[in-house]
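> One structure, as structure tokens, below. Some questions next.
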Amino acid sequence: MDNGKYTHKRRHKGGILLTALLFVQLLSLMLLLVLENSRTTALFYTKTIETYEARIMSELFHAEFLQNELEDRGTRFYNVGKLTYERQGQSLQIECYVKSRRFTFTFLLPEEQPEIDTDDQEE
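Positions in the sequence shown are counted from 1; adding 3 to them yields this note's numbering.
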């Protein structure tokens, strides 16, 4: 030994296999993360579209229900799914079925105001 220094000039050759295995594991982990991220993004996209389709169906029906005299309970079919409704007092319960998912919406109905007839007053 020269002043406590290691003077043997042999190179170490045993770590190449371990380095290659760790590199392959790192790449496979990164691939799994990318695939999971893309799957989550696609699932979020489809669920968002289904949610908006159900909301649009319920809003369209709610507007139609307020304009027309409809039964207190019934079913409607739209091109993207099925809608069932039931009037419960001053609320309107709507269930929308889009593909395999079910959405429930509740709307408060306006109170009916009695009309005051002012033409029959005697002067």
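We treat Cβ as the ideally placed atom computed from N, Cα and C, and that holds for glycine.
1. Secondary structure at isoleucine 119, three-state DSSP: helix, strand or coil?
2. So is glutamate 118 buried or exposed if we call it buried at 16+ other beta carbons inside 10 Å?
3. Out of Ala23, Arg104, Glu114 and Tyr81, which one is the CA nearest neighbour of leucine 95?
4. Can you tell me whether DSSP reads lysine 85 as helix, strand or coil?
5. What's the C-alpha gap between asparagine 71 and isoleucine 59?
6. To the nearest angstrom, report how far apart serine 103 and leucine 86 are at their CA atoms.
7. Rounding to the nearest angstrom, what Cα-Cα distance links phenylalanine 68 and leucine 112 in this structure?
8. Going by the CB atoms, is the gap between isoleucine 97 and phenylalanine 80 shorter than 7 Å?
9. Which residues mark the beginning and the end of the alpha helix (DSSP H) in which glutamine 70 is found?
10. In whole angstroms, what separates the C-alpha of threonine 78 from that of leucine 63?
11. Let me check one thing: in DSSP terms, what residues is leucine 111 bridge-paired to?
To lay it out plainly:
1. coil
2. exposed
3. Glu114
4. strand
5. 18 Å
6. 13 Å
7. 10 Å
8. no
9. 19-70
10. 14 Å
11. Ser94
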